[in-house]
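See below for the structure under consideration.
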Amino acid sequence: MTEAAYFAKWLTPYQPEQPTLVCLHGFTGTGATWQSLAWPATVNVLAVDLIGHGRSPVFVHPTRYRMAQVVAELQALLAAKQILAYHLLGYSMGARVALAWALADPHVVSVILESGRPGLADPTQRLARQQQDNALAAKLLTAPLVEFVNDWEKLPLFASQRALPAAVQARVRAERLSQQPFGLAMSLMMMGTGQQPNYWPQLAQLPPGLLLVGEQDAKFQRLNLAMQAQAPQLDYQVLPGGHCVHLEHPTEFLAAVITWLKQSA
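Counted the way UniProt numbering counts, the sequence shown spans residues 1 to 265.
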């Protein structure tokens, strides 16, 4: 039996002569997060719902949530569409997936990582993060989803999002509350930051890339500067906003992405 593929939607009309950009959302999000950007018709924009999120498979064997399997299924998705060269754009969890994908797939032309990281190099930190993610997963499986979302939205990482218009905040909250707790729990347990491989030693093997971080996100500025120090083919750019720049400052974010794609053509 063929397993169900990930849900993906073109946000611009596909034109074979134009570059293709595959967009990967963050934890508790969906591909719809990219629809608020005013994408030009000069880019083929494909927004994917990652496993356990949105309209992609949720109630499947946990091994399908492992990073290597996620990457393999994403590669298969593009192969089925007969697209042989593409750029990747990932936010947070999606950036971690995009990084892993770019290391595994010669069809990736370039990679744009928004608030991304290559895992944890220190084994003690990895174990601590695994325990933390497993505890969050346990809460997802035993308590109402609204309790998890309420706690998630209070994290300092998302403090800058409280300045967003009420309608935007409501849309993001609705997206989070639309998820299946099992899918979120498996994402944490099987491909969370503590569970994913440590890609720090492989950063120099990445294709050309752009690292985007928010000016209010000091932690990810430090991480991304350290990434660039190991991989000079990665450009580094600070944009207005916090952890989720594409939501908080979509105009500036889109301009940076389009400029990068033109340079990478």
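The beta-carbon is built from N, C-alpha and C at its ideal position, and this holds for glycine as well.
Taking C-alpha positions only, His-25 is separated from Gly-183 by approximately 14 angstroms.
Between Ala-121 and Trp-101, the alpha-carbon positions lie close to 19 angstroms from each other.
Distance from the CA of Ile-83 to the CA of Glu-17, rounded to the nearest whole angstrom, comes to 11 angstroms. In the DSSP assignment, the residues bridged to Ile-112 are Leu-89 and Leu-210. Restricting attention to Ala-159, Gln-228, Pro-181 and Glu-3, the CA atom closest to the CA of Gln-216 is found in Ala-159. Judged by their CB atoms, Gly-119 and Gln-15 are not nearer to each other than the 7 angstroms cut-off. Of all C-beta pairs linking the segment 134 to 154 to the segment 89 to 99, fewer than three are shorter than 8 angstroms, placing the two stretches out of contact. Our two residues, Ala-104 and Lys-139, have alpha carbons roughly 33 angstroms apart in a direct line.
Each of Pro-181, Thr-251, Gly-209 and Gly-90 was checked against the Cα of Met-227, and the nearest Cα belongs to Gly-209. Three or more Cβ pairs closer than 8 angstroms define a contact, and the segment 39 to 49 falls short of that threshold against the segment 65 to 73. The C-beta separation of Gly-194 from Arg-117 comes to about 12 angstroms, leaving the pair out of contact by the 8 angstroms criterion. In this structure the segment 21 to 37 lies against the segment 167 to 180, because at least three pairs of beta carbons, one per stretch, are closer than 8 angstroms. Taking C-alpha positions only, Pro-144 is separated from Arg-162 by approximately 23 angstroms.
Taking C-alpha positions only, Lys-81 is separated from Tyr-236 by approximately 31 angstroms.
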